[in-house]
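If you want my numbering, it's the 1-based position in the sequence shown plus 190.
For reference, the structure is listed below as structure tokens.
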Amino acid sequence: MRSPTISTCVGRFAALIGTISASRAPLIVATAGRSRRSRRRGRRARASLSRIPPCASRRRSRRCDSATTRRCSQRRRRRGATLLAPCRRAPRAPQASQRSPRRDPPRAQGDTGNSARRWSTCGEYSEGLSFNHMTRSMRALLLGTFILRTATGTTGALLVFWTAHLRDRGTIQVSTADVAAISLAFYVTELLGSPIFGVLADQIGRKPVMLLGPLFGLVAVLITPFALTIPLLIATRLLEGSSTAASVPSILSYVAAQTSHDERLRGRVVTLFEVATLGGLLVAGTALAGPLYEIFGEVAFFINGAIYMLALALFAYGVKDHHSRPDGAAENRLRRYAHLFRQRGILLFVPTWVAINAIVGVWVPQGLYLLTGSSGVAANGQFLLSGFSPTMITSALAGLALIGGFGLFFWGNSFDRYRRTSVLLGGVVAFVVAMAAVWLLNRMTGSELPLIVGLLLILSGSMFFLAGATPAALGFLADVSERYKTDRSAVMGLYSIFLGLGQVIGTKVAGDVAATLGVDGLVYVTLGFLVIAGGALLVLRRVEHEILPPNARRGAAAH
């Protein structure tokens with residue numbers, strides 16, 4: 191047998207290599223293609239992972255517990271770019287030593303659930319009804335409140351100028367006691383009507399009662415230009431007081447119900463309510479009344495009627511309320527209201543809130559009437575009795591109220607950092623400083639311009655601090671209402687009851703004192719009410735933790 195030559199062996203070996211390469215070529219090509227796809231997928235995964243927020247263990251997230259963090263990390267390593275979808279936190283049962291998690295807000299009708307979800311990822315992705323989120327209905331409510339209070343403030347200021355005009359023309363004789371009687375009609379109706387309308391709102395629903403407010407105000411403002419006697423002027427104020435008595439309890443009940451799940455949201459909404467109320471009454475209303483009256487005269491009342499109609503439209507078409515009617519087996523509501531008056535927290539709250547609102551009754555509208563110079567009170571060296579124009583009076587008052595509005599925003603957004611009673615106490619101290627500035631300002635002669643400017647700056651600064659008293663009082667009352675969820679309208683109606691009671695007392699006392707002591711008398715009366723408010727507030731601070739419900743004691747443990 192002939193042995194193979196070297197060239198034959200080399201040829202056979204080359205053929206064998208070629209056969210093996212041909213059989214493995216599809217596999218090699220497929221492997222190479224898959225490697226390219228893997229590399230592309232890896233690049234996409236790294237780019238996607240770079241967009242995912244860092245892990246909760248690095249960001250110290252409060253919403254991801256340690257177990258969720260571990261699961262998120264494992265899923266990141268396993269699935270790579272598919273982790274773009276957030277993972278939901280596993281629910282944990284609250285332990286006795288831990289605080290219960292805050293409840294999510296109830297879904298509105300037609301809500302798919304996306305707007306109220308609380309997602310928890312490694313980067314704490316969270317959205318829903320939070321501090322910066324309010325429903326469209328709540329925005330319409332606050333805007334309607336601002337417009338309604340603007341119309342109410344415009345009516346009150348126009349009435350002061352209209353009364354002074356009737357007195358100067360000799361149509362009627364108006365004294366400071368008559369001005370006090372006209373003002374008392376408004377506050378008496380608010381005082382007596384608030385519990386009735388509050389119970390009615392719990393019985394038939396908040397929105398129907400809410401709509402009565404603009405309607406009563408519209409009727410009152412349209413008949414005011416035809417009221418040429420003191421009894422007719424008192425009748426217009428009775429209707430105007432009914433407007434406030436009907437609207438405020440139902441509005442505050444709606445606010446308390448819609449913000450029960452979030453303390454910071456409640457602080458913001460209550461602040462916006464106070465901004466709408468005081469901004470409408472003291473800024474927009476009074477600032478609008480002076481130019482309107484000087485340009486249009488008595489026709490300004492009819493222009494103001496259009497503002498009431500705008501508020502009515504906002505309440506009717508913008509506010510959605512699903513408050514259901516209680517069953518027929520519910521206990522007698524008036525008896526329930528009497529029971530609320532006997533509660534310890536409410537009884538201790540009454541002296542402070544009544545005294546603060548009595549101060550408002552002392553200065554509005556009696557202080558405005560004295561500043562016009564048509565009150566007939568002897569000046570006796572008092573600078574503030576020398577007489578000022580309506581535009582100057584309303585502009586100065588609007589400027590002070592604007593500074594108070596900034597204070598409302600600040601203190602309302604500090605609900606979770608300060609106790610309600612601490613903010614109220616700061617307001618009482620600011621009132622004392624403001625009264626000292628007014629008393630010194632009344633000693634001027636008008637030529638000490640730098641000193642007058644300095645006193646006005648002190649008065650403006652005190653307005654920033656005393657502005658926190660009203661949202662703090664509202665927040666305290668809303669916290670107390672958590673114990674009586676079926677009677678929210680009745681409880682929040684106490685705000686108007688105490689406000690009306692305080693202003694009735696303050697207006698009556700101011701009418702008697704202003705006739706003899708002028709502006710100085712208003713200052714002395716205010717200091718007396720501040721002593722009452724401060725003493726009652728110190729007692730309330732000592733027992734505050736026993737009054738508030740458990741979910742509201744977090745704020746009581748603050749400063």
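Ideal Cβ positions, reconstructed from N, Cα and C, are used throughout, including at glycine.
In this structure, does DSSP put His735 in helix, strand or coil?
-> His735 falls in the helix class under three-state DSSP.
Start and end of the alpha helix (DSSP H) containing Met400?
-> In the DSSP assignment, Met400 falls within the unbroken alpha helix (DSSP H) covering 396 to 413.
In or out: Leu332 buried (at least 16 other Cβ within 10 Å) or exposed?
-> Leu332 counts as buried, since at least 16 other C-beta atoms from the protein chains shown sit within 10 angstroms of its C-beta.
Of the choices Thr361, Leu730, Ile497, Val364, whose alpha-carbon is the least far from that of Gly343?
-> Looking at the Cα atoms, Ile497 is the closest of the given residues.
How far does the alpha helix (DSSP H) with Val473 in it reach, from first residue to last?
-> Taken as a continuous stretch (DSSP letters only), Val473 belongs to no alpha helix (DSSP H), as it is neither H nor E.
Mind checking whether Val552 and Val699 have CB atoms under 8 angstroms apart?
-> Yes; because the gap between Cβ atoms is below 8 angstroms, this pair is in contact.
Just checking my contact of Leu412 with Gly334 at CB under 8 angstroms: how many whole Å lie between their CB atoms?
-> Rounded, the Cβ-Cβ distance is 20 angstroms, inconsistent with contact.
Look at Gly475 and Arg339 and say whether their C-beta atoms are less than 8 angstroms apart.
-> Cβ atoms of Gly475 and Arg339: closer than 8 angstroms.
Compute the beta-carbon to beta-carbon distance between Phe719 and Ala548, rounded to the nearest angstrom, for a pair I have assumed lies under 8 angstroms.
-> The C-beta separation of Phe719 from Ala548 comes to about 5 angstroms, placing the pair in contact by the 8 angstroms criterion.
Please check if any C-beta of chain D sits within less than 8 angstroms of the C-beta of Thr335.
-> Included in the structure is just one protein chain, with no chain D present.
By a C-beta neighbour count over all protein chains shown, 10 Å radius and 16 as the cutoff for buried, is Gln363 buried or exposed?
-> Around the Cβ of Gln363, a 10 Å sphere holds fewer than 16 other Cβ atoms; the residue is exposed.
Per DSSP, what kind of secondary structure is His529 in: helix, strand or coil?
-> Of the three classes helix, strand and coil, the one that applies to His529 here is helix, per DSSP.
Could you round the C-beta distance between Ile687 and Leu381 to whole angstroms and report it? I think they count as a contact, below 8 angstroms.
-> Sure, about 6 angstroms apart at Cβ, within 8 angstroms.
Along the chain, where does the alpha helix (DSSP H) that runs through Pro421 open and close?
-> Per DSSP, Pro421 belongs to the alpha helix (DSSP H) from 420 to 448.
Within its chain, find whatever has a CB closer than 6 angstroms to the CB of Ser373; leave out the 5 residues flanking it on each side and keep chain order.
-> In the same chain as Ser373, and ignoring 5 residues on each side of it, the C-beta atoms closer than 6 angstroms to its own belong to Pro555, Thr697, in chain order.
Which term fits Pro640, buried or exposed, when burial requires 16 or more other beta carbons within 10 angstroms of its beta carbon?
-> Counting Cβ neighbours within 10 Å, Pro640 comes out exposed, since fewer than 16 surround it.
With a CB to CB cut of under 7 angstroms and the five nearest residues on each side skipped, what residues in its chain are close to Ser704?
-> Sequence inspection shows Ala at residue 704; the Ser mentioned does not correspond to that position. For Ala704, where only same-chain residues beyond five positions count, the Cβ hits under 7 angstroms are Thr366, Gln556, Leu560, Val567, Gly711, Leu712.
Does the beta-carbon of Glu734 have 16 or more other beta-carbons within 10 angstroms, so that it is buried, or is it exposed?
-> Glu734 sits buried, since 16 or more C-beta atoms from the chains shown fall within 10 Å of its C-beta.
Please classify Thr635: is it buried, with 16 or more other beta-carbons within 10 angstroms of its beta-carbon, or exposed?
-> Under a 10 Å Cβ-count criterion, Thr635 is classified as exposed, with fewer than 16 other Cβ atoms of the shown protein chains found around its own Cβ.
For the segment 668 to 727, which segments carrying the alpha helix (DSSP H) assignment without a break, of at least 4 residues, lie completely within its bounds, in sequence order?
-> List check, alpha helix (DSSP H) in window: nothing returned.
Rank Ala341, Phe387, Ala410, Thr660 by C-alpha distance to the C-alpha of Phe599 and give the top, closest one.
-> It is Thr660 whose Cα lies nearest to the Cα of Phe599.
What first and last residue would you give for the alpha helix (DSSP H) that runs through Gly571?
-> Note, Gly571: premise wrong, no alpha helix (DSSP H); not H, not E.
List the whole-angstrom C-beta distance separating Ser443 from Ala391, where the pair is believed to meet the contact cut-off of C-beta under 8 angstroms.
-> Rounded, the Cβ-Cβ distance is 6 angstroms, consistent with contact.
Alpha carbon of Ser604 to alpha carbon of Gly470, nearest angstrom | Ser604 and Gly470: Cα-Cα distance of roughly 23 angstroms.
Quick one: Cα of Leu664 to Cα of Arg454, how far?
-> When the Cα atoms are used, Leu664 and Arg454 turn out to be separated by approximately 14 angstroms.
Endpoints, the alpha helix (DSSP H) within which Phe492 is located = Element bounds for Phe492: 490 to 508.
Answer yes if the segment 418 to 436 comes into contact with the segment 618 to 633, meaning at least three C-beta pairs across the two stretches below 8 angstroms, and no otherwise.
-> With a cut-off of 8 angstroms, the segment 418 to 436 and the segment 618 to 633 do not count as touching, because too few Cβ pairs lie within range.
Would you identify the three-state DSSP class for Thr467, choosing helix, strand or coil?
-> Thr467: helix per DSSP, three-state reduction.
Of the residues Val709, Ser612, Ala657, which one's Cα is nearest the Cα of Ala627?
-> Looking at the Cα atoms, Val709 is the closest of the given residues.
Exposed or buried, Ser384, counting other C-beta atoms within 10 Å across all chains shown (16 or more means buried)?
-> Buried, because 16 or more other Cβ atoms sit within 10 Å of the Cβ of Ser384.
Any idea if Phe755 is buried or exposed, counting beta-carbon neighbours within 10 angstroms, 16 or more meaning buried?
-> What is shown of the chain runs 191 to 749, which leaves residue 755 out entirely.
Does DSSP classify Met634 as helix, strand or coil?
-> The answer is coil: DSSP assigns Met634 none of H, G, I, E or B.
When DSSP labels each residue in this structure, what does Met582 get in the three-state scheme?
-> Helix.
If you draw a straight line from the C-alpha of Ala657 to the C-alpha of Leu667, how long is it?
-> Rounded to whole angstroms, Ala657 to Leu667 spans 17 angstroms at the Cα level.
So what does DSSP say about Ile362, is it helix, strand or coil?
-> Note: Ile362 maps to coil in three-state DSSP.
Beta-carbon separation of Gly602 and Gly457 under 8 angstroms?
-> Taking 8 angstroms as the Cβ cut-off, Gly602 and Gly457 qualify as a contacting pair.
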